[in-house]
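Structure first, then comments.
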Amino acid sequence: MPEPTTVAFPPAFLFGAATSAYQIEGAVREDGRTPSIWDTFSHTPGRTAGGETGDIAVDHYHRYRDDVALMAELGLTAYRFSVSWSRVQPTGRGPAVQRGLDFYRRLVDELLARGITPALTLYHWDLPQELEDAGGWPERDTAFRFAEYARLVGEALGDRVEQWITLNEPWCSAFLGYASGVHAPGRTDPAASLRAAHHLNLGHGLAVSALRGVMPTGNRIAISLNSSVVRPLSQDPADLAAARRIDDLANGVFHGPILHGAYPSSLFEATRSITDWSYVLDDDVRTINAPLDALGLNYYTPTLVSAASGEAKGPRADGHGSSDHSPWPAADDILFHQTPGDRTEMGWTIDPTGLYDLVMRYTREAPGLPLHITENGAAYDDKPDPDGRVHDPERIAYLHAHLAEVRRAIADGADVRGYYLWSLMDNFEWAYGYGKRFGAVYVDYATLERTPKSSARWYGEAARTRVLPPVAPGA
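Under UniProt numbering, the very last position in the sequence shown is 475; numbers go up by exactly one each time.
Next up, the structure:
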């Protein structure tokens with residue numbers, strides 16, 4: 001039987017790349033855009049590496065035509081991008097700013113002219129600062145403001161964009177933003193993080209309804225979850241219980257109401273000392289459980305946990321940055337362990353089997369719902385050679401291994417429709433600033449010149465042939 005790497009991907013399978021607005025656009029004060037929470041956070045001393053910001057980023061706002069041309073040259077068939085909320089609706093309320101929407105109209109038109117399928121993400125963490133000043137995601141009103149914003153974008157772009165994603169990684173928005181504080185807005189309030197999680201869910205459900213009301217019926221709506229592959233350190237009952245609790249906090253808090261119409265009762269029980277969940281109103285879960293057309297899955301590394309014994313405490317190894325505050329509410333008695341194996345520059349263990357396990361889990365949990373791998377990739381210390389070329393054989397090996405697991409999952413019955421490499425090009429990596437390079441395209445931050453790495457050429461060949469090219473030494 002042929003190996004999965006030598007079997008062609010389905011004819012309609014999308015080979016794409018992904019980015020987000022604040023990480024690449026720049027132009028933070030142009031055409032009516034106002035600050036988001038990431039503008040405020042990155043300009044606050046001590047919040048980002050070297051005090052770096054997305055003010056210029058990689059200037060995609062002015063260079064988008066060249067960037068789309070580069071995508072086409074590489075052979076990509078899809079591009080996932082996000083819309084800057086405060087570029088479209090500066091205060092998070094009221095009418096849209098057409099100059100802001102016009103940028104995305106031009107971008108989408110350029111993609112379509114090049115035969116590249118656009119996939120639009122409405123929210124990739126950049127809440128308008130005025131909404132955060134009013135309480136942010138822990139406040140119920142933010143969910144309704146998000147739905148209003150979704151409607152405005154749907155009205156403007158629904159005629160030319162068929163693939164829509166409401167939220168990117170709401171876990172990060174809720175728990176890194178409001179519990180550990182390593183992401184914007186930088187708050188450290190576990191109770192607020194759980195309220196934020198619920199209102200992100202509610203905002204998603206309300207946005208689905210708003211989009212359905214203004215877009216063609218053939219458009220497809222999804223959400224991108226960074227669902228964790230949670231593994232126990234051992235089969236000891238205490239470790240198994242720890243893994244179940246983290247699975248609730250990582251996964252069940254979102255996919256429970258979104259896919260199954262209910263929060264896990266075990267989640268409520270485990271967090272009772274922090275919150276009473278009284279903000280979950282009678283019809284909320286019905287709203288959240290709006291039917292989807294697809295599910296996006298983001299994967300980087302598995303999570304390995306055990307129960308803490310006695311007073312034993314270990315170093316956090318949960319892959320979510322350093323902080324004195326945990327992103328996991330009501331989990332102080334759980335230890336996170338570094339999984340064995342090679343690691344990327346982020347310190348994340350490379351384990352392609354986790355991607356297979358994740359896909360097969362949601363194949364079982366959401367039968368009949370098409371899946372997209374909306375993010376997967378790796379950061380490495382990429383540098384140009386003296387001849388100006390950028391060789392990144394580690395990233396090629398990473399992509400080959402993970403795409404092979406996607407192909408294996410498809411062979412085993414999973415309905416995976418596409419894969420979006422994170423990221424198209426090097427960019428502002430949130431609190432890490434510009435020190436972590438995830439791109440398939442190298443960016444010289446002094447000149448903003450783009451240079452495709454060897455991984456970009458490899459991935460482009462995979463997109464054109466639908467078969468994974470071999471991993472050649474020094475590729």
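Cβ atoms here follow ideal geometry from the backbone N, Cα and C, with glycine treated the same way.
Nothing here was measured: the structure is a model prediction, and the numbers come from that model.
Alpha-carbon to alpha-carbon, D248 and L112: Taking the sequence shown and counting its residues from 1, the one referred to as residue 112 is at position 112. Taking the sequence shown and counting its residues from 1, the one referred to as residue 248 is at position 248. The alpha-carbon atoms of L112 and D248 are separated by roughly 40 Å.
Between the C-alpha atoms of A150 and I37, what's the straight-line distance to the nearest angstrom? Sequence index remark: in the sequence shown, residue 150 carries index 150 (1-based). Sequence index remark: in the sequence shown, residue 37 carries index 37 (1-based). Taking the straight line joining both Cα atoms gives about 18 Å.
Can you list, in chain order, the residues of its chain with a C-beta nearer than 6 Å to that of R417? Leave out the 5 residues immediately preceding and following it. Taking the first residue of the sequence shown as position 1, residue 417 is located at position 417. So the qualifying residues of the chain are P370 and H372.
At 4 residues or longer, what runs of the alpha helix (DSSP H) sit wholly inside the segment 382-435? 393-411
With DSSP as the reference, please indicate the residues paired to Y79 in a beta bridge. Here residue 79 corresponds to residue number 79 of the sequence shown, with the count starting at 1. Partner(s): A17 and P118.
Where residue 481 falls: helix, strand or coil (DSSP): Here the chain covers residues 1 to 475 and nothing more, so residue 481 does not appear.
A49 in three-state terms, based on DSSP: Within the sequence shown, residue 49 is the residue found at index 49, counting from 1. Three-state result, A49: helix.
Distance, R93 Cα to T353 Cα: Residue 353 sits at position 353 when you count from the first residue of the sequence shown. Residue 93 sits at position 93 when you count from the first residue of the sequence shown. Each residue's alpha carbon lies about 43 Å from the other.
Using three-state DSSP, classify I223 as helix, strand or coil. The residue given as residue 223 occupies position 223 in the sequence shown. Residue state, collapsed to three classes: strand.
When the Cα atoms are used, what is the spatial distance from L450 to L127? If you number the sequence shown from 1, residue 450 lands on position 450. If you number the sequence shown from 1, residue 127 lands on position 127. Reading off the sequence, residue 450 comes out as Arg, not Leu. Cα-Cα distance, rounded: 29 Å.
Going by DSSP, what residues sit across from L281 in a beta bridge? The residue you call residue 281 lines up with position 281 of the sequence shown. In the DSSP output, where bridge partners are listed per residue, L281 has none listed.
Cβ-Cβ separation, L194 to residue 478 (assumed contact under 8 Å), whole Å: Absent from the structure is residue 478, since the part of the chain shown begins at 1 and ends at 475.
If you count every other CB in all the chains shown that lies within 10 Å of the CB of R187, and 16 or more means buried, which is it? Here residue 187 refers to the residue found at position 187 when the sequence shown is read from its first residue. Buried, since its Cβ has 16 or more Cβ neighbours within 10 Å.
Using the rule of at least 16 other Cβ atoms within 10 Å of the residue's Cβ for burial, across every protein chain shown, is S306 buried or exposed? For this step, residue 306 is matched to residue 306 along the sequence shown. Classification for S306: buried.
According to DSSP, is Q235 part of a helix, a strand, or is it coil? Taking the sequence shown and counting its residues from 1, one reaches residue 235 at position 235. Q235 falls in the coil class under three-state DSSP.
Close beta carbons around W335, own chain, < 7 Å, minus the five adjacent residues each side: As a first step, residue 335 must be located in the sequence shown, where it is residue number 335. Sequence inspection shows Leu at residue 335; the Trp mentioned does not correspond to that position. For L335, where only same-chain residues beyond five positions count, the Cβ hits under 7 Å are V305, S306, A308 and G314.
If I measure Cβ to Cβ from H402 and keep anything under 7 Å in the same chain, skipping five residues before and after, which residues do I get? Here the question's residue 402 lines up with position 402 in the sequence shown. Result list for H402: P352, L355 and N376, in chain order.
Can you list, in chain order, the residues of its chain whose CB lies under 6 Å from that of F330, leaving out five sequence neighbours each side? As a first step, residue 330 is located in the sequence shown; it is residue number 330 there, counting from the start. Per the sequence shown, residue 330 should be read as Ala rather than Phe. Once the five neighbours on either side are set aside, the close Cβ partners of A330 are A270, T271 and I274.
Could you check whether the Cβ of H183 sits closer than 8 Å to any heavy atom belonging to the ligand ATP? Because no ligand of any kind appears in the structure shown, any question about the ligand ATP cannot be addressed here.
Does the Cβ-Cβ distance between P185 and T40 come in under 9 Å? If you number the sequence shown from 1, residue 185 lands on position 185. If you number the sequence shown from 1, residue 40 lands on position 40. Cβ atoms of P185 and T40: closer than 9 Å.
Whole angstroms are fine: how far does the CA of A147 sit from the CA of G135? By one-based count along the sequence shown, residue 135 stands at place 135. By one-based count along the sequence shown, residue 147 stands at place 147. So the two alpha carbons sit approximately 17 Å from each other.
Any idea which residues DSSP pairs V230 with across the strands? Along the sequence shown, read from residue 1 onward, the residue named residue 230 stands at position 230. Answer is T303.
Less than 9 Å between the beta carbons of W125 and H183, yes or no? Along the sequence shown, read from residue 1 onward, the residue named residue 125 stands at position 125. Along the sequence shown, read from residue 1 onward, the residue named residue 183 stands at position 183. Taking 9 Å as the Cβ cut-off, W125 and H183 qualify as a contacting pair.
Please classify G115 as buried or exposed, where buried requires at least 16 other C-beta atoms within 10 Å of its C-beta. As a working note, residue 115 is residue 115 in the sequence shown. It counts as exposed.
Leaving aside the five residues before and after residue 476 along the sequence, list all residues of the same chain whose C-beta is less than 6 Å from its C-beta, in chain order. Summary: the structure shown does not reach residue 476, with the chain confined to residues 1 through 475, and so no result is reported for it.
Start and end of the beta strand (DSSP E) containing Y380? By one-based count along the sequence shown, residue 380 stands at place 380. Per DSSP, Y380 belongs to no beta strand (DSSP E) and is neither H nor E.
Beta carbon of A366, beta carbon of L448: below 9 Å? Counted from its first residue, the sequence shown places residue 366 at position 366. Counted from its first residue, the sequence shown places residue 448 at position 448. It is not a contact, given that the beta carbons lie outside the stated cut-off.
CA-to-CA distance, A222 to V161, given in whole angstroms: Translated into positions along the sequence shown, residue 161 becomes position 161. Translated into positions along the sequence shown, residue 222 becomes position 222. For V161 and A222, the distance between alpha carbons rounds to 13 Å.
Closest to D324 by C-alpha separation, out of G181, L297 and Y419, would be which residue? On the sequence shown, residue 324 is found 324 positions in, with the first residue counted as 1. Measuring from the Cα of D324, the nearest candidate turns out to be G181.
Using a 10 Å radius around the Cβ and a threshold of 16 neighbouring Cβ atoms, would you call L225 buried or exposed? What you label residue 225 is simply residue 225 of the sequence shown in a count that begins at 1. Under this definition L225 is a buried residue.
When DSSP labels each residue in this structure, what does G296 get in the three-state scheme? Within the sequence shown, residue 296 is the residue found at index 296, counting from 1. Strand.
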